[in-house]
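2 protein chains.
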Amino acid sequence: MTAATAPSDIALPPLANDRFLRACLRLPTDCTPVWLMRQAGRYLPEYRATRDKAGSFMGLATNPELACEVTLQPLDRYALDAAILFSDILTVPDAMGLGLSFATGEGPRFAHPVRDEAAVEKLAVPDMDKLRYVFDAVSTIRKALSDDQGVGRVPLIGFSGSPWTLACYMVEGAGSDDYRLVKTMMYQRPDLMHRILQVNADAVARYLNTQIEAGAQAVMVFDSWGGVLADGAFQQFSLAYTKRVLSQLRKTHEGLRIPHIVFTKGGGIWLDEIADSGCDVVGLDWTMNLGKARAMVGDRVALQGNLDPNVLFAQPDQVCAEVIKTLDSFGKPGPHTGHVFNLGHGISQFTPAENVSVLVDTVHTYSRQQRGG
Amino acid sequence: MTAATAPSDIALPPLANDRFLRACLRLPTDCTPVWLMRQAGRYLPEYRATRDKAGSFMGLATNPELACEVTLQPLDRYALDAAILFSDILTVPDAMGLGLSFATGEGPRFAHPVRDEAAVEKLAVPDMDKLRYVFDAVSTIRKALSDDQGVGRVPLIGFSGSPWTLACYMVEGAGSDDYRLVKTMMYQRPDLMHRILQVNADAVARYLNTQIEAGAQAVMVFDSWGGVLADGAFQQFSLAYTKRVLSQLRKTHEGLRIPHIVFTKGGGIWLDEIADSGCDVVGLDWTMNLGKARAMVGDRVALQGNLDPNVLFAQPDQVCAEVIKTLDSFGKPGPHTGHVFNLGHGISQFTPAENVSVLVDTVHTYSRQQRGG
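Each protein sequence line maps, in turn, to chains A and B. Read in my numbering, the first sequence has 63 at position 63, and its numbers run on one by one without any break. Read in my numbering, the second sequence has 226 at position 226, and its numbers run on one by one without any break.
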């Protein structure tokens, strides 16, 4: 897909389309790659059909064949430049024994939240065998993405929740408006919170490394709740443990480079520090100006984002105009910069599926023009 | 309370304690003033008793005598440097005929949300007589704060929701997780959204000016949902209309200077632009580093904030340490800078009331030491 080859010190896997990996590593691309957070999801009728077949969200996530099926669905509809493993961010605490469930129409819930010293003491990095269904899904998807010669259609992204984001759910037991329980523990018993975060960081690192060994060609850490922390607390209780994950992650697998992406919702205010975390790519939500972000990070990291998912509720020509605004805000990628187009958050279940085509096609067409191609 | 007198061009009202107004106007103070968003609220047993007497939240808000009673309650318990009118941010759309109600245990709800062109057409700046209960509460509170010589105990702050924040509730009809309806209108029919925001801005300006005429000695615009907007959209749909309000507000009343405060939750990322909006004080939530904020705004505006309300769930010595961290982050106020201590959001209903004493007393004691006093 791209004419230039990678520098000799960066080996990439054989792929029909390696734009996404190249942009992550700030190598030149013919146009801007695009994928969407939660691209395999409820806005697609074919997803809803597979989910009904599975019986439930967890039934779907724990069945490697069906997880593979829904992972590939959006690739068949749209010219997306990456696949992302279909799974949930809370699989790791579930494997720790906290009992994850999803009530219909509600968010995730843990049967055994971690609220006292005794519960914290019992936490440990889970046996990766309990997460076998995830690694099996990764290798199943990789196989399905490969042609007869072993050339992949697009790369596969693996992921996990960040240590802090997992801790939020583990302590609260569910989603929260005010994060009162987890922050009470953090301010009142920082020793317990640090203990949870250490276990989480080591578990997430092992989990992502095992995904990489199973075939994930890039990995992403979702710090969905980092943005609820105060300045100071963010650095100490979220970013420090994201760094602890990153420092343990495989940078290569079988000689091939594995990009690491960190996405902190509401983290634009701390972009400068996140760019120094050791990751290759920083994901941004829609509140951050991409041009300012690019100027700030320079050639330290590539950027991923950041269209407001609600733009997809507008008319096609308006979607097109907003996509162009985002591409113009980043500007023409120069040497040693990289932009991966994405939403600033997961795509809404209410999104009209036809608007996703407009988005994807506009990203490719307009960014090719930007490069003068 | 403060030794220095105001420059001759800034006239302040006769007050036993004018620290808050002085800090808003970046004049020297003996120590840092403090008040708390939602300081008259459910965490106080005496508030709950008065509310039970009123029968409901709206019963309380629409009864000037009872609204006065709860406004003064926190001042009797704590050495707070300002009173804030007890009211709701959604009184203006209620007066427009949208039918505000509060179901028990839930947030606000409008019986007649604004979702189509016909509903938008009907919107108009409401007759201020429909908001008489608010202005009566303001004058009742001012009277209750004054001694026999007409000297006020502390200044009284009036407030309103911002045009955008009101629009969120008016279109959604209630609180929202994703702001899908209001953003759909914004992206799909920007003409309708601009029309709503114009009416809101003019209504909010008239509402705040009438509060000022009734006795409010400072006014605050709560842009509680500005932070959900994308960069670009924030400037166009929130900040532009906050500026439209500010440009119409009385800067003085009966020769006395009335400071204007703007608080955008999640607005730290746009601080530089908000500081140029024409307000005197910018409120910050806890994600923003106060020292960096001070360096950025220079002598353009004073800053208000920004402790995480969840700190109040820690032990008293921990509350004390976090308050000191916040004061140290701002640093010793120099000439032409001002800091009003506050939380970064409303105080939680679950807050232990005794921790508020620790917060208020630590702000005064430590900030007096900071000044070498």
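The C-beta atom is built at its ideal place from N, Cα and C for all residues, glycine as well.
Can you find a C-beta in chain A that's less than 8 Å from the C-beta of residue i?
{"i": "B:Ala3", "result": "Caution applies to B:Ala3, whose pLDDT of 38 falls short of 50 and renders its modelled position unreliable; the value that the coordinates give is listed next. Judged by the 8 Å Cβ criterion, B:Ala3 is not in contact with chain A."}
{"i": "B:Ala6", "result": "Because B:Ala6 sits at a pLDDT of 48, beneath the cut-off of 50, its placement in the model cannot be relied upon, and the point is left open."}
{"i": "B:Phe313", "result": "yes"}
{"i": "B:Tyr187", "result": "yes"}
{"i": "B:Val358", "result": "no"}
{"i": "B:Lys265", "result": "no"}
{"i": "B:Leu12", "result": "no"}
{"i": "B:Asp308", "result": "yes"}
{"i": "B:Thr165", "result": "no"}
{"i": "B:Gly227", "result": "yes"}
Can you give me the start and stop residues for the beta strand (DSSP E) that residue i sits inside?
{"i": "A:Asp272", "result": "First-last for A:Asp272: Leu271 to Ile274, but that is the alpha helix (DSSP H), not the beta strand (DSSP E)."}
{"i": "A:Phe222", "result": "Ala218 to Asp223"}
{"i": "B:Phe159", "result": "Leu156 to Gly161"}
{"i": "A:Ile347", "result": "No beta strand (DSSP E) holds A:Ile347; DSSP gives it neither H nor E."}
{"i": "B:Arg376", "result": "Since the first and last residues shown for chain B are 1 and 373, residue 376 of chain B lies out of range."}
{"i": "A:Leu100", "result": "Leu100 to Phe102"}
Listing by chain order, which chain B residues have their CB less than 8 Å from the CB of residue i?
{"i": "A:Thr104", "result": "The premise fails here: A:Thr104 is roughly 17 Å from chain B at the closest Cβ pair, so nothing lies under 8 Å."}
{"i": "A:Ser348", "result": "Asp178 and Arg180"}
{"i": "A:Thr362", "result": "Near A:Thr362 there are no residues of chain B at all, since even the closest Cβ is about 15 Å away, more than 8 Å."}
Output, in chain order, the set of chain B residues within a Cβ distance shorter than 7 Å of residue i.
{"i": "A:Gly331", "result": "The contacting residues do not exist; A:Gly331 stays about 15 Å from chain B at best."}
{"i": "A:Gln318", "result": "Tyr187 and Gln188"}
{"i": "A:Asn289", "result": "Asp231"}
Given that residue i touches chain A, what residues does it touch there, using C-beta distances under 9 Å?
{"i": "B:Ile261", "result": "None at all; the shortest Cβ gap to chain A is about 21 Å."}
{"i": "B:Thr376", "result": "There is no way to answer for residue 376 of chain B, as the model of chain B reaches only from 1 to 373."}
I want to verify the contact list: residues of chain A whose CB lies under 8 Å from the CB of residue i, in sequence order.
{"i": "B:Met193", "result": "Those within 8 Å of B:Met193 in chain A number zero; the least Cβ separation is about 12 Å."}
Identify the continuous alpha helix (DSSP H) that holds residue i and give its terminal residues.
{"i": "B:Leu246", "result": "Ala240 to Gln248"}
{"i": "B:Phe234", "result": "Looking at the DSSP string, B:Phe234 is not in any alpha helix (DSSP H), and its letter there is neither H nor E."}
{"i": "B:Pro113", "result": "B:Pro113 -> no alpha helix (DSSP H), and no H or E assigned at all."}
{"i": "B:Val228", "result": "Unbroken run through B:Val228: none, as it is neither H nor E."}
{"i": "A:Gly59", "result": "Phe57 to Ala61"}
{"i": "A:Asn200", "result": "Pro190 to Ala214"}
{"i": "A:Lys292", "result": "Leu290 to Val297"}
{"i": "A:Ala67", "result": "Pro64 to Arg77"}
{"i": "B:Thr50", "result": "Pro45 to Ala54"}
{"i": "B:Arg19", "result": "Arg19 to Cys24"}
So who's on the other strand from residue i, going by DSSP bridges?
{"i": "A:Val282", "result": "A:Val262 and A:Leu303"}
{"i": "A:His253", "result": "A:Leu256"}
{"i": "A:Val323", "result": "A:Val323 is not bridged to any residue."}
{"i": "B:Ser146", "result": "B:Gly152"}
{"i": "A:Phe330", "result": "Answer is none; A:Phe330 lacks a bridge partner."}
{"i": "B:His339", "result": "B:Leu303"}
{"i": "A:Val360", "result": "Beta-bridge pairing links A:Val360 to no other residue."}
{"i": "A:Val120", "result": "None, per the DSSP bridge assignment."}
Using a Cβ cut-off of 8 Å (strictly closer), state whether residue i contacts chain B.
{"i": "A:Lys53", "result": "no"}
{"i": "A:Gly338", "result": "no"}
{"i": "A:Lys325", "result": "yes"}
At 7 Å on the CB atoms, spell out the chain A contacts of residue i, in chain order.
{"i": "B:Ile269", "result": "Gly268, Ile269, Thr287 and Met288"}
If the cut is a Cβ gap below 8 Å, which residues of chain E does residue i touch?
{"i": "A:Thr184", "result": "Here chain E cannot be found, since the structure's protein chains are A and B."}
The region 289-307 of chain A contacting the region 310-320 of chain B, beta-carbon criterion three pairs below 8 Å
Short answer: they don't touch.
The region 143-155 of chain A contacting the region 178-190 of chain A, beta-carbon criterion three pairs below 8 Å:
Flag = no, the region 143-155 of chain A and the region 178-190 of chain A do not touch.
Three or more C-beta pairs under 8 Å: does that hold for the region 339-350 of chain A against the region 31-41 of chain A?
With the cut-off at 8 Å, the region 339-350 of chain A and the region 31-41 of chain A touch.
Three or more C-beta pairs closer than 8 Å, one from the region 243-255 of chain B and one from the region 16-26 of chain B: is that the case here?
The region 243-255 of chain B makes no contact with the region 16-26 of chain B, as fewer than three CB pairs between them are under 8 Å.
Just checking, does the region 129-136 of chain A make contact with the region 186-193 of chain A on the three C-beta pairs under 8 Å criterion?
Cβ pair count under 8 Å is below three, so no.
Three-pair Cβ contact test at 8 Å for the region 215-231 of chain A versus the region 158-173 of chain A
Yes, they touch.
Touching by the beta-carbon criterion (3+ pairs, under 8 Å), the region 70-81 of chain A and the region 104-123 of chain A:
Touching, no.
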